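Visitor: For the sequence shown, the numbering used here begins at 1 and goes up steadily by one.
Here a beta-carbon is modelled for each residue, glycine too, at the ideal position from N, C-alpha and C.
Quantities reported herein were computed from a predicted structural model and do not represent experimental measurements.
I am attaching a structure below and will ask some questions about it afterwards.
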Amino acid sequence: MFRPTSHGWIEVICGPMFSGKSEELIRRVTRSRIARVPVQTFKPSLDVRFSNGEVVSHSLMKVEAIPVSSAAELLRAVEDATAVVGIDEGQFFDMELVAVAERLADAGKQVIVAGLDTDYLRRPFEPIPTLCGRAEFVTKMLAVCHRCGGPGLFTQRIVRSDALVVLGAEGAYEARCRACYSSEEAEQPTLELAEASWSER
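Now the structure itself:
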């Protein structure tokens with residue numbers, strides 16, 4: 001029978017796109033479920049790329065998830081009995097996610113947050129960097145550079161758009177190493193072309 005501990009903590013899984021962040025989150029929450037530990041997993045409601053009610057990795061691993069529109073809504077949805085709280089795509093939440101994660105950890109819950117730590121211009125992508133500073137455990141994931149096969153540290157946007165958030169995957173983004181990353185690159189003529197390609201998948 002599961003016996004909750006009296007202390008919680010925060011884990012952050014960060015890195016670029018295609019580095020396996022969601023897959024690692026899924027692995028950790030699934031491991032807890034196998035041990036019959038009460039788990040809830042959340043995702044931002046704006047992320048509907050693969051599924052509305054699941055976290056799905058690029059390798060098509062999946063786990064049931066509750067879509068929420070804000071950190072405050074997430075906090076309200078966490079049940080008292082829940083011991084492990086998984087949160088995917090943490091960069092799409094507001095800065096309140098930091099306080100929410102700390103509140104849940106202070107309440108004795110294990111909080112696991114996966115997300116991008118830098119945006120497509122290699123700038124800090126909040127709230128993930130701040131969460132890293134408040135977390136007991138930080139796992140930095142690396143992808144494989146789409147160009148040379150080296151350590152992919154950055155997310156390269158390959159469509160033209162000045163928006164910070166452009167949902168997509170293959171066709172809109174690539175993982176790049178330090179040498180292959182270029183802030184000026186745009187291989188596709190319009191953002192609409194990439195979105196049309198994505199909708200056909």
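1) So, helix, strand or coil for T82, using DSSP?
2) Have a look at R160, R157, L116 and L131 and flag the residue whose alpha-carbon is nearest the alpha-carbon of M141.
3) Counting pairs of Cβ atoms below 8 Å between the stretch 12-29 and the stretch 150-161, do you hit three or more?
4) Check whether the Cβ atoms of F26 and V68 sit closer than 8 Å, and answer yes or no.
5) At what residue ranges does the stretch 140-166 contain a whole run of the alpha helix (DSSP H), taking only runs of 4 or more?
6) Spatial neighbours of H7 within its chain, please: C-beta separation below 7 Å, excluding the five flanking residues on both sides.
7) Hey, quick one: how far does the beta strand (DSSP E) through V39 stretch, first residue to last?
8) What is the rounded straight-line gap between the Cα of L131 and the Cα of R147?
9) When you compare only the Cα positions, how much space is there between T30 and Y181?
10) How about V113 and L75: do their beta carbons lie closer than 8 Å?
11) Indicate whether I158 and E184 have their beta-carbon atoms separated by less than 8 Å.
12) P129 by DSSP, collapsed to three states: which one?
13) For Y120, which of Q91, E102 and P44 has the nearest alpha-carbon?
14) Roughly how many angstroms separate the alpha carbons of E11 and V138, rounded to a whole number?
15) What number of angstroms, rounded off, separates the C-alpha of S197 from the C-alpha of Q40?
16) Report yes if the C-beta distance between A259 and W9 is below 8 Å; otherwise report no.
17) Start and end of the beta strand (DSSP E) containing K62?
Guide: Based on what the coordinates show:
1) The three-state secondary structure of T82, taken from DSSP, is coil.
2) L116
3) A contact exists between the stretch 12-29 and the stretch 150-161.
4) The amino acid occupying residue 26 in the given sequence is Ile; Phe does not appear at that position. Contact flag unset, no.
5) none
6) G108
7) V39 to P44
8) 31 Å
9) 34 Å
10) No, they are not a contact pair.
11) no
12) In this structure, P129 counts as helix in the three-state DSSP scheme.
13) Q91
14) 6 Å
15) Its pLDDT being 40, under 50, S197 is placed unreliably in this model, and the coordinates cannot settle the point.
16) Residue numbering for the chain in the displayed model covers 1 to 201; residue 259 lies beyond these limits and cannot be assessed.
17) For K62, the enclosing beta strand (DSSP E) has its first and last residue at K62 to E64.
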